[in-house]
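Notes follow once the structure below has been shown.
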Amino acid sequence: MPAISGVPSGHKAIEMELPVNAVLHLWLKAVTLDEPGSVSLYSVNGKFGEVQAINAEENSFRIYHVFGGGIVTLAYDTAITSLSVAYWFTPSDVLETGITVVHTNPANEPPDLPDGYHFRPPFGWMNDPNGFGRFGRRPHLFYQHYSHGRIWNNMHWGHAVSPDYLRWRHLPVFLFPSEELSVRPDKRGGAFSGSAIARPDGPGLRVFFTEKIADRIPEQEIQLTATSADLFSAGAADVLLPRRPDGEGLTFDFRDPYVFRGPDGLWKMLLGSQSAEGGVVLLYETTDNTAAGGWTYVGKLYTETRYETSALECPCLLPVDGDARDPSTRWALIYGLMNGEDKETGRRNLTMIDIGWFDGRSFAKSFGRELDFGTDNYAFQAFVDGGTPVGIGWLGNWADTGPTIDFPSAMSLPRTLSLDGDELLTPPIGAAESLRARMIDRTRLVAGQVVSLPHGAAEIVFELAEAGSEFRLEFDHPEVRLGLSQHGEGLEILHGFLDRTEEPPGPRYIAKAAGAKRVRVFLDYGSLEVFADGGRLAGTKRIAGFEPVRALRLIAEPGAVTQATVWSLRL
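Residue numbers (full-length UniProt numbering): 1 to 571.
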């Protein structure tokens, strides 16, 4: 490999081989207020470029095009410059090849989890899924993201693409906070959650999102839209809704636009907020076929009065058992209860799903339940993919994290939604079976023996002789008391910490009167997902840290368990 000339002694150097027309994305900032930060680019012929950052309080985003390619070295003086992220890609094939990350700081690098299979960002913080949909024949996932650390901060949109909802390819960061936030680091906000649609008027997609700027007057949260013809870079954003609807007594909460076609063929938009009566879902519509403007307020689609929420978040509405234009088709209304608490169990930030009929302007509820009794499947977003509703959620919960907590998180397993009569089913997508790498056991677990796991990724499936039969599945974890039990009250995820006594007791993650007969459990580093009876019940629990479950044991009365199988998993 040719030697790079001219790099100053003592500078940190990052060497890479770039193709022709590569694009570099770099985030840097000055370490002190006294001197600008800078990153220089060197080739075999010496220095050929430089990017600077003057602001010592907020990261600066810089783009650099390397037209000639070849061996390139990034170099900077760590005494005056901090470089948090650097990656490159080639625009012509980025959807097929993704980005190549060449540098992250220790504060925002991802965990190293052999055979882990849940989606995680390539660096930094992640929360809500956004813009989940199929565009250009492939599933795309956008998500709330902060590039420079694993702690919540000014929001960007991260982005990934997949052939099967499981094996994701990371793409360039898609949306960025506004310039107002860049020059005022004391403020907080950014590109908050939203959705995406395929553009009716041309190639690409259109995204809808909330711009949040704390303490902005008169509106902290407004709705914006942007388009992308190439499916990986966004154009300039335009304001769609500059203010909340008048006369509704809403708090400043006004966010998370979810856009979809209604049964009348018009584009509809849901937004979450809070009123004196409770959390609300607001409905807008437009006759503009491009959805680029003309949005008018229809009214409150739903008001939540059962829980003391600070706002309803991430509303989502989609048909689940037929064509959207058929009046008999039932729809699923999904929403998160921000800061809402189930007083009986102590669980907070529940996600609810109501089934009913939507005529384009009103929703008539038939029945509803919690989407997930474990609660760590928040901000769930879904769309109809070729006739099948598919959704994904943030594998986290604001009860466990916040703007000051280092929290490397994941997305849940993607799930399908269907109705079996008046029963809602939310099993993992069928492609999840492709994760099975090797069968570990089909005799010892059913016999009540200990089954050791080779690493932290596994699937356990077992069947009971009778619905509701009692059992206790124990997990050997070095830091957490972890288990799954069916007993007289229902199906319960057991979770506690080995190193402390919780006073008062922690939340109970329980599905009352479950009566489960077939149970499917997915283990990964930092998470446990439970599905019973084909997704009739689903429970998701985040496990702090990344220590793997080391072994399993299933305890039940003789003959209560008829069969059990354990697989090791990997992507």
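Using N, Cα and C, we set each Cβ at its ideal position, and we do this for glycine too.
Could you compute how far the alpha carbon of S9 sits from the alpha carbon of T104? 22 Å
Quick one, are the C-beta atoms of G279 and L312 less than 8 Å apart? yes
Once you ignore the five residues that flank T309 on each side, which residues in its own chain have a CB closer than 8 Å to its CB? Result list for T309: Q274, G278, G279, L337, M338, N339 and G340, in chain order.
Does the pairing of the region 261–270 with the region 384–404 give three or more beta-carbon distances under 8 Å? Result no; under three Cβ-Cβ pairs closer than 8 Å.
For E58 and V44, I'd like the C-alpha separation in whole angstroms. 33 Å
At which residue ranges does the region 79–156 contain complete beta strand (DSSP E) runs of 3 or more residues, listed in the order of the chain? 81–89, 100–104, 125–135 and 138–146
Start-to-end residues for the beta strand (DSSP E) that takes in H281: For the sequence presented, residue 281 should be read as Val rather than His. Segment G278 to T286, the beta strand (DSSP E) holding V281.
Unbroken beta strand (DSSP E) runs of length 3 or more, entirely within the region 482–546: which are they? 490–497, 509–512, 518–524, 527–532 and 537–542
What's the gap between the Cα of A80 and the Cα of M16? Residue identity differs from the one stated: residue 80 is Ile in this sequence, not Ala. If I take the Cα positions, the gap works out to 23 Å.
How close, in whole Å, do the beta carbons of A560 and S469 come, if the pair is a contact with beta carbons under 8 Å? 5 Å
Taking the runs of the beta strand (DSSP E) that are 3 residues or longer, which of them lie wholly in the region 421–467? DSSP runs (the beta strand (DSSP E)) wholly in the region 421–467: 423–425, 436–441 and 458–464.
Counting Cβ pairs closer than 8 Å, one from the region 418–429 and one from the region 170–177, do we hit at least three? Not touching, per the Cβ criterion.
Limits of the beta strand (DSSP E) - the one that L224 falls within: E221 to S228
Which same chain residues, not among the five before or five after F358, have their C-beta less than 6 Å away from its C-beta? Cβ-Cβ distances below 6 Å link F358 to W331 in the same chain, with the five nearest sequence neighbours on each side left out; the list follows chain order.
Close Cβ partners of W168 (< 6 Å) along its chain, the five nearest in sequence each way excluded: F119, A160 and S162
Please determine, among R369, E35 and R438, the residue with the shortest C-alpha to C-alpha distance to A458. R438
Thinking just about the alpha-carbon of each residue, which of S195, R442, R518 and E370 is nearest to the one in E466? R518
Give the DSSP-derived three-state secondary structure of L181 in the structure shown. In the three-state scheme derived from DSSP, where H, G and I count as helix and E and B as strand, L181 is classed as helix.
I'd like the span of the beta strand (DSSP E) that includes P315, first residue to last. A311 to P319
Give the single residue among G293, M269 and G322 whose Cα lies nearest to the Cα of K300. M269
Can you tell me whether E370 is buried or exposed? The criterion is at least 16 other CB atoms within 10 Å of its CB, across all chains shown. buried
Spatially closest choice to L250 from P257, L282 and F232, by CA coordinates: L282
Go ahead and label E557 buried or exposed: buried means 16 or more other beta carbons lie within 10 angstroms of its beta carbon, across all protein chains shown. By the beta-carbon neighbour count (other beta carbons within 10 angstroms, threshold 16), E557 is exposed.
Mapping DSSP to helix, strand and coil, what is R199? Coil, per DSSP.
Mark P327 as exposed unless 16 or more other C-beta atoms lie within 10 angstroms of its C-beta, in which case mark it buried. exposed
Which residues in the same chain have their Cβ closer than 7 Å to the Cβ of R536, if we skip the five residues on either side of it in sequence? E423 and L425, listed in sequence order.
Secondary structure of P389, DSSP reduced to three states: strand
Pick helix, strand or coil for T401, following the three-state DSSP scheme. coil
Rounded separation between residue 572 and T305 - CA only: Examination of residue 572 is not possible in this model, given that the chain is present from 1 through 571 alone.
Across which residues does DSSP place I555 in a beta bridge pair? R472
Starting from the C-beta of A237, find all residues in its chain whose C-beta is less than 7 Å away, skip the five residues before and the five after it, and write them out in chain order. L224, T225 and A226
Nearest-angstrom Cα separation, counted from W267 out to N289: 7 Å
Please state whether DSSP places Y165 in a helix, a strand or coil. coil
The region 434–448 in contact with the region 561–571 per 3-pair CB rule at 8 Å: Yes, the region 434–448 is in contact with the region 561–571.
Check this for me: beta carbons of L41 and V7, under 8 Å apart or not? no
Chain-order list of residues whose beta-carbon lies under 6 Å from that of D354 (same chain, five-residue window excluded): L333, K365 and G368
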